[in-house]
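**Q** In the working numbering, the protein residues as written are 10 to 191.
Using N, Cα and C, we set each Cβ at its ideal position, and we do this for glycine too.
Take a look at this one; I'll ask things after.
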């Protein structure tokens, strides 16, 4: 194809021709028009061939899809051969009944038999509150031990050393605070 264009370009280069060569130039223009028309026909043919190829590919794909769908339908039919909707519904009903029965059995086992069913929970809570109040009252009345017969002696002199220690602690604290502030 490229060779065709190169040859056509050489033939159509009429700019270098002089006016006395007008018949040659006209002949070259006619050839150019014929080649352009042939080129359009070839392009149209190629487009038609490409469209046909795409249509064939699409038809082939559709055929493969249809065959696969048919095989899938056969497989589903074989799988469902021994089943129908009524059987499935009956089976699901049986399962639901068995689950309900299991729930009832579990509830019957977990309920205490004659172990406190006759006791009201509000009465139990009231009794618990009374017991807690009694325990609190006893705790408040306890004094924590016996009173000693002898009382401790009270010192008569004023201690001198602790006051100095307190002042030293105060001075150390102030020095630390001053160091921190600066």
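1. Where do the N-terminal and C-terminal ends of the alpha helix (DSSP H) with residue 3 fall, by residue?
2. What separation, rounded to the nearest whole angstrom, lies between the Cα atoms of residue 130 and residue 159?
3. Quick one: what's got a C-beta closer than 6 Å to residue 31's C-beta in the same chain, skipping five residues either side?
4. So, helix, strand or coil for residue 67, using DSSP?
**A** Considering the structure as presented:
1. The question about residue 3 has no answer here: the residues shown for the chain are numbered 10 through 191.
2. 53 Å
3. Contacts found: none.
4. helix
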